[in-house]
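Since the structure comes first, as structure tokens, the remarks are kept for the end.
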Amino acid sequence: MPVQRRLLGSLNSTPMATPQLRLATNQTGPQCLLVSIPDGLFLGLGLVSLVENMLVVVAIAKNRNLHSPMYCFICCLALSDLLVSTSNALETTIFLLLEVGALATPATVVQQLDNVIDVLTCGSMVSSLCFLGAIAVDRYISIFYALRYHSIVTLPRARWAIMAIWMASILSSTLFITYYNHVAVLLCLVTFFLAMLALMAALYIHMLARACQHARGIARLHKRQRPVHQGFRLKGAATLTTLLGVFFLCWGPFFLHLTLIILCPQHPACSCVFKNFNLFLALIICNSIVDPLIYAFRSRELRLTLKEVLLCSW
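Residue numbers (our numbering): 680 to 993.
Here it is in structure tokens:
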């Protein structure tokens, strides 16, 4: 059976099989649309995320020109995403080994190992969300306080912010895992997600509005035609939709799951959602794969550095 995380309480798991959609029924409940996720897919996604985010970390560490606050946040986001995927892959691997009897370990050791992995998983998820918010704040300051940006967002301040995020993530994840069966814990996690979503939406929408205003000013100066401005606005809207859409699509189902545990833990319709828990975890790992494409690989200098790293490794 796929791994069940204790943080989310008592959950129904889906049988191990190739990914497929099917309807599950019982005598008393409604039909449930289930998406079966094999453990091999978890391991494969984790491996892709590991390689991709490791390349980002190595490229930023190698190029001193990338040792700026913005790239420090991107590097930490890559490290958090790396930990999210590898902790899930590690937990899946351990439980598979235990299931087939290839790993003979006392129950107390397994329990302690499970606690450590759960703290690592939860902490890396919290830090990943925090660094997504930090990148949004950094970009906002760079646009609205461009002349004062380098005096506001200094490297020492960025390092202090990074240390604070990691320490808060470790502390909060330890508390969450210790008191995982309390409704207050799940409520805090859901509130934290909604706060990050609201923060990112507000900042990026404001940035898009400022960019459109700037484009209108340029168009008036150069007496450009209206379609030019409309094209810029559409491009900005597409970028904004990608940023917020990927964030909501990958993280939203997981936190919807937590919300339903609070609101309707025994309702048959909510039970249908609980059965797709492994799908929600797979989406979070997919987010770890997509993040470098959105935040890191769009940088030309980072791509050139990455090319040098790959060529030197051959």
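Note that beta-carbon positions come from the ideal geometry of N, C-alpha and C, so glycine has one too.
These numbers come from a predicted model, not from an experiment.
Assumed close pair residue i, residue j - CB separation to whole angstroms, cut-off 8 Å
{"i": "A768", "j": "F721", "result": "6 Å"}
{"i": "M875", "j": "I822", "result": "At roughly 20 Å, the Cβ-Cβ gap does not stay under 8 Å, so M875 and I822 are not in contact."}
{"i": "S851", "j": "V779", "result": "With 8 Å as the limit, S851 and V779 do not qualify as a contact, their Cβ atoms being about 35 Å apart."}
Counted within 10 angstroms of its Cβ, other Cβ atoms place residue i as buried (16 or more) or exposed
{"i": "P1079", "result": "Absent from the model: residue 1079. The displayed extent of the chain is 680 to 993, so no value can be given."}
{"i": "T920", "result": "exposed"}
{"i": "T707", "result": "Low per-residue confidence applies at T707: pLDDT is 45, beneath 50, and the placement is therefore not dependable enough to give any value."}
{"i": "I884", "result": "exposed"}
{"i": "T833", "result": "exposed"}
{"i": "L981", "result": "buried"}
{"i": "L777", "result": "exposed"}
{"i": "N705", "result": "Any reading at N705 must be qualified, since the residue scores a pLDDT of 45, below 50, and its modelled position is unreliable; no value is offered."}
{"i": "L922", "result": "buried"}
{"i": "L826", "result": "exposed"}
{"i": "S830", "result": "exposed"}
Residue i vs residue j beta-carbon contact at 7 Å
{"i": "C929", "j": "N966", "result": "yes"}
{"i": "T787", "j": "G725", "result": "no"}
{"i": "C754", "j": "I841", "result": "no"}
{"i": "F927", "j": "I963", "result": "no"}
{"i": "V649", "j": "A738", "result": "The requested residue 649 does not occur in the structure, where the chain is confined to residues 680 to 993."}
{"i": "I844", "j": "C801", "result": "no"}
{"i": "G812", "j": "L868", "result": "no"}
{"i": "I814", "j": "F752", "result": "yes"}
{"i": "L882", "j": "Y819", "result": "yes"}
{"i": "A997", "j": "I716", "result": "The structure shown has nothing for residue 997, since the chain only spans 680 to 993."}
{"i": "K986", "j": "C711", "result": "no"}
Quick check: the region 715-734 against the region 760-774, are at least 3 beta-carbon pairs closer than 8 Å? yes
Validate contact between the region 968-987 and the region 937-952 using beta carbons, cut 8 Å, 3 pairs: no
Segment contact, 8 Å Cβ cut-off, at least three pairs: the region 831-838 with the region 791-798: no
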